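Comments concern the structure below.
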Amino acid sequence: MDLSLAPNAIAMSAQEFLAWSKDVMDQLLTASGAKKAVDKITAPIWSWALRNANYPLHFGVACCALEMAAASGSRFDAERLGMIYRSSPRQTDVLLINGWVTAKLRPDLRRLYEQMAEPRWVVAMGECAISGGPWYDSYNVVQGVDTFIPVDIYIPGCPVRPEAMIDGFMKLHKKIHKEMKGTFLED
Amino acid sequence: MAQRAGLAAGGKTGEIVAKELIDRFPEYVKITKVTHNRVFAMVDKVGLLNVAKFMKDALDFDHITAVSGVDWLEEKKMWAVYHITSYSNRVTAEMIVELPRDKPEVDSVTPLWGGANWHERETYDMFGIIFIGHPRLERILTPEGTDYFPYRKDFVGGRRV
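Chains as they are written, first to last, in this note's numbering: chain A, 1 to 187; chain B, 1001 to 1161.
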């Protein structure tokens, strides 16, 4: 906290002032312990809300995408567990990768991941997304998505059954619950 | 053989197509096999464009189904394989052009059939066969800057991508 700069605030550019004031507030909250308290109080609500509304990105790569579709159909009805597929990475929490990732797709997938807002999770679904699967020695298939983005949940299967996929998301729910992130997403 | 339904009046069977091709281009075309709806032929690389033009204009071959390649490593040659179909005659012709393996270059048929565009790009991508006159001969399935042709027989797999 550099409050000694306060007399100069009037001479700052808007951008400088915003950065400085945000910094001041942030450090005040941290120093006073208010941040921790707010985090602690809001964490159960946040965790509950995040668990029950984790929207995966509607991004079907390969055949596991059909299982994803089946899981969202009436028989398995994944929507009852809060999984609603959104088509924009800005509106999603979970990047569900369901299929082989080619070298040509890799930069775009990385970009999709970076476009998603925090907090975000990555689920690798099926053998191909985990390790390359049958194409592990192919000329163009990446040996697992965890080589370029961090993965939270691995769901094995070839292809993954819808039950297994829903089970993987239940595991993700457990993980979110365990992380217990509050409003400031700090622990 | 049962009467094929829907054949247009004056439609050409595979035998007629093969005969017309061999009459017109005796020096370029070598027919290897003919059935009533298939023609298999080897075409000389020099005459490919003329043969293709004749097939399109005079023999009603209006659709190119596939362009692919074959790599003959030991024989030191390559094949560019064209499957060209005629809707009205219901004949599919498989034209094979033999190319030297160290300089696999052939004329593009994309100006005749637009559908050959991506097929030729893919064949270039996988086999390294260069199609002269193609409007945009670039990598299509592998990323830009790839320096190998994966469907060639001397390509070694198992690389870390």
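Even for Gly, the Cβ is constructed at its ideal location relative to N, Cα and C. All figures in this text were calculated on a predicted structure; none of them were measured in a lab.
{"Check": "What residue range does the beta strand (DSSP E) around residue 1083 of chain B cover?", "Outcome": "1077-1086"}
{"Check": "Hey, is residue 1160 of chain B's beta-carbon within less than 8 Å of any beta-carbon in chain C?", "Outcome": "The displayed structure is made up of protein chains A and B, and chain C is not among them."}
{"Check": "Counting only Cβ-Cβ distances shorter than 8 Å, please list the residues of the stretch 135-158 of chain A near chain B, keeping chain order.", "Outcome": "137, 138, 139, 140, 141, 142 and 143"}
{"Check": "Assuming the contact rule is C-beta atoms closer than 8 Å, residue 1089 of chain B and residue 1060 of chain B should be a hit. Round their C-beta distance to whole Å, please.", "Outcome": "6 Å"}
{"Check": "I want to know whether the stretch 49-62 of chain A touches the stretch 17-29 of chain A - three or more CB-CB distances under 8 Å.", "Outcome": "no"}
{"Check": "Mind listing the chain B neighbours of residue 103 of chain A? Cutoff is C-beta to C-beta under 9 Å, in chain order.", "Outcome": "1142, 1143, 1146 and 1161"}
{"Check": "Could you tell me which chain A residues have their CB closer than 8 Å to the CB of residue 1157 of chain B, listed as they occur along the chain?", "Outcome": "137, 138 and 139"}
{"Check": "Please report how far the alpha carbon of residue 178 of chain A lies from the alpha carbon of residue 1071 of chain B, in whole angstroms.", "Outcome": "56 Å"}
{"Check": "When we look at the beta-carbon of residue 1149 of chain B and count the other beta-carbons within 10 Å, is it buried (16 or more) or exposed?", "Outcome": "buried"}
{"Check": "Looking only at its chain, what residues have a beta carbon closer than 7 Å to the beta carbon of residue 1024 of chain B, apart from the 5 residues adjacent to it on each side?", "Outcome": "1054"}
{"Check": "In this structure, what does DSSP give as the bridge partners for residue 1071 of chain B?", "Outcome": "B/1078"}
{"Check": "Please state whether DSSP places residue 238 of chain A in a helix, a strand or coil.", "Outcome": "As shown, chain A starts at 1 and ends at 187. That puts residue 238 of chain A outside it, with no answer to give."}
{"Check": "At a cut-off of 7 Å, would you count residue 161 of chain A as near the ligand MN, judging by its Cβ distance to the nearest heavy atom?", "Outcome": "This structure lacks the ligand MN, and indeed carries no ligand of any kind."}
{"Check": "Any chance you could list the alpha helix (DSSP H) runs of at least 4 consecutive residues sitting entirely within the stretch 42-76 of chain A, in chain order?", "Outcome": "64-71"}
{"Check": "Beta-carbon within less than 6 Å of residue 1052 of chain B's beta-carbon, same chain only, minus the 5 sequence neighbours each way: which residues are those?", "Outcome": "1109 and 1112"}
{"Check": "Quick one: does residue 1002 of chain B have its CB under 8 Å from some CB of chain A?", "Outcome": "Note that residue 1002 of chain B scores 44 on pLDDT, short of 50, meaning its location in the model is unreliable and no value can be drawn from it."}
{"Check": "For chain A, find out if any of its Cβ atoms is closer than 8 Å to the Cβ of residue 1150 of chain B; answer yes or no.", "Outcome": "yes"}
{"Check": "For the candidate residues A/171, A/109, A/45 and A/112, whose alpha-carbon lies nearest to that of residue 184 of chain A?", "Outcome": "A/45"}
{"Check": "Below 8 Å on the Cβ atoms is my guess for residue 173 of chain A versus residue 51 of chain A; work out the distance and round it to an integer in Å.", "Outcome": "5 Å"}
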